[in-house]
Structures are given as structure tokens and as C-alpha cells.
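Here's the structure we're looking at; comments come further down.
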Amino acid sequence: MNKLLNYIIVILLYTFTSISAHAVGTESVKSSNPISGDATAIEEGKTLYRANCAYCHGLRANGKGRGLPKSANLRKFKRGYTAFVSAVVNGYKRMPAWGGMGPLEYEQINAIGAYLETMAKEGANWEDEE
Ligand code: HEC
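Under the numbering used here, the first residue of the sequence shown carries the number 145, and numbering increases by one thereafter.
Have a look at this one:
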């Protein structure tokens, strides 16, 4: 009886996770981000993005925030996951390190990346070359 119950729970969990992976449409963009497509990370990333990045990059990540003019359109980001992490940690051209908003953990940067992937437009690329 207990075994049967365990079996049913495993099946339910499996069904549930595969459904949520589909719901976020992760098949649209290839990525080297280790937590790409993780529904919990994507939710966390959304909150972090809004707090740390949206000021310049805009709520819809199209580069049209109220901060620095001509911030990058992150929906079209195509230099790969490692370049993404580097841009955040080290800054990139006119963007200061961390966007000037203070350090984030790597897990948090990955979560922001996972969230941005869900908004990726055609031509975007989050996969590292190798
Ligand atoms: C103070 C404004 C500001 C904030 C805050 C900010 N950025 Fe930026 N970011 C910019 C600007 C401006 C550029 C374009 C740099 C240039 O071309 O000179 C940029 C560029 C980038 C790039 C490179 C884009 C490319 O196409 O290569 C990435 C990735 C990026 N930002 C991610 C982020 C993330 C993630 C956050 C939040 C943690 C963030 N930025 C916060 C202003 C900002």
C-alpha cells in the first residue's frame, strides 16, 4: 500500500514538473545557464530584475527604462551566458558593475538570466560558444 502511494506521488511530481517546464516556453532559446527553465528561479529572477535592472533596461527588458539612455535591449541579448554574467559582475561599456545597484550572488544572477530567457526574441542567444 505504501509503495503504491509512493509510486503515485512520483508520477504526479513528474507530470507536474514537465508541465511547468512547458509553461515557461524554455525550448525557444538555448542556454548554458545551469538553472535555465527552472520555474522557481524564474519567479525569483523576475523580482530581482525589477529591483536591480528595470530602472535602466525597462520593465519589459527592451532597453527603455528611465535610467541611462540607450540601455541594451536584453530580449535580444546574444553573447551567451558567460558574457551575461560578466556584464553584470564587471560592468559593460557605459554600464557600471552590478548596474551600480550593489552585488548579487551568482545564483541570483542566474535567476535573472533565467527570467530574461523567457522574454527572449528571435535571434537571442544564451548559449556559450565552444
Ligand atoms: C544604471 C543603469 C543600468 C542598470 C541599473 C543596469 N544596466 Fe545593464 N546596461 C546599461 C547600459 C547603459 C548598457 C549598454 C552599455 C553600452 O552599450 O554602453 C547595459 C548593458 C547590459 C548588458 C550587455 C548587453 C549586450 O547586448 O551585450 C547586459 C547583459 C546587462 N546590461 C544586464 C544588466 C542586468 C542583468 C542588470 C541588473 C542586475 C543591469 N544590466 C542593470 C545600464 C544599466
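Each residue gets a CB set at the ideal place from its N, CA and C atoms; glycine is no exception.
query, result
"If you measure between the beta carbons of TYR259 and GLY202, is that distance less than 8 Å?", "no"
"Have a look at TRP270 and GLY244 and give me their C-alpha separation to the nearest angstrom.", "23 Å"
"Identify which residue in LEU192, GLU187 and ASN254 has its Cα closest to the Cα of GLY224.", "ASN254"
"Can you look up SER230 in the DSSP assignment and give me helix, strand or coil?", "helix"
"Taking its Cβ as the centre, do 16 or more other Cβ atoms sit within 10 Å of ARG238, making it buried, or is it exposed?", "exposed"
"Could you have a look at SER175 and say whether DSSP puts it in helix, strand or coil?", "strand"
"Quick check: the Cα distance between ALA216 and TYR236, rounded to an integer number of angstroms?", "10 Å"
"Mark GLY267 as exposed unless 16 or more other C-beta atoms lie within 10 angstroms of its C-beta, in which case mark it buried.", "exposed"
"Consider the C-beta atom of ALA231 and the heavy atoms of the ligand HEC; say whether any pair is separated by less than 7 Å.", "yes"
"Count the other CB atoms, across all protein chains shown, that sit within 10 Å of the CB of ASN234; report buried if there are 16 or more and exposed otherwise.", "exposed"
"Return the residue from the list PRO213, ILE256 and VAL229 that minimises the CA-CA distance to THR184.", "ILE256"
"Just to confirm, does ILE179 get its C-beta within under 7 Å of one of the non-hydrogen atoms of the ligand HEC?", "no"
"Select from ALA264, ASP272, GLU273 and ASN206 the residue whose C-alpha is nearest the C-alpha of SER172.", "ALA264"
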